[in-house]
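Numbering of the sequence shown is given in my numbering, commencing with residue 1 and proceeding in unit increments.
The structure appears below as structure tokens.
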Amino acid sequence: MWSNKSKMIEKRAELIEAVEEIIRNGIEEQTPLVIVAEWRTIGQSPRLDENTFDVFVITDMALLTLFTETVKRDPANTISRPYRSLIWLLKSLFDYSIQESLQFVNVTNQLNFGLQSDKSAAFTNRATELLYGDNFLHRATGVRPDGA
């Protein structure tokens with residue numbers, strides 16, 4: 001079933017729901033995965049803006065959410081890059097649950113659906129829009145987790 005493109009398109013909603021369940025169950029244990037630093041200049045000049053530096057921390061569950069939200073926006077009758085990555089994740093987790101061994105390279109080679117795999121996790125500008133949206137962006141409050 002996993003390598004059948006038509007079946008994967010047909011099962012799209014179920015696979016998205018499975019990943020969303022992983023996210024719901026893992027939200028309390030999420031961990032930082034990627035730290036992105038940004039800086040702004042004044043117009044095209046090399047002068048730095050007054051509030052020039054921002055740091056974004058993307059957690060493992062936030063990254064999964066980015067994939068699922070992107071897949072939901074993609075046409076339902078295709079296997080997009082983000083959807084293929086979700087398929088790879090679920091297949092790898094499924095295999096790991098049975099074999100207690102992670103064979104991610106084999107999974108990606110077997111389930112490429114005739115497409116290039118070098119840009120599988122590449123996102124378009126739509127991903128940036130999602131990351132800067134209210135569901136992802138949470139401004140630091142200056143309050144430490146320990147309340148100090």
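Don't be surprised by glycine CBs; every beta carbon is placed ideally from N, CA and C.
C-beta contact flag for Thr68 and Glu10 at 7 Å
No, the pair does not count as a contact, with Cβ atoms beyond the cut-off.
Span of the alpha helix (DSSP H) holding Glu10?
5-10 is the span of the alpha helix (DSSP H), which, as asked, contains Glu10.
Check Glu20 in the structure and name its three-state DSSP category.
Glu20 sits in a helix when the DSSP states are folded into three classes.
Can you tell me whether DSSP reads Asp74 as helix, strand or coil?
Three-state result, Asp74: coil.
Under three-state DSSP, which class holds Leu33?
Strand, per DSSP.
Can you find the residues in the same chain that come closer than 6 Å, C-beta to C-beta, to Phe56, ignoring five residues on each side of it along the sequence?
For Phe56, where only same-chain residues beyond five positions count, the Cβ hits under 6 Å are Val36.
Give me, in chain order, the residues of the same chain whose beta-carbon lies closer than 8 Å to that of Leu48; leave out the 5 immediate sequence neighbours on both sides.
Taken in chain order, the residues that qualify are Trp39, Arg40, Thr41, Ile42.
Am I right that Lys5 and Ile79 are in contact with their C-beta atoms under 8 Å? What's the rounded C-beta distance?
Right, the Cβ-Cβ distance comes to about 6 Å (below 8 Å), so this counts as a contact.
Rank Lys72, Ser45, Tyr96 by C-alpha distance to the C-alpha of Ile16 and give the top, closest one.
Per the Cα distances, Lys72.
Does the beta-carbon of Ile87 have 16 or more other beta-carbons within 10 angstroms, so that it is buried, or is it exposed?
So Ile87 counts as buried.
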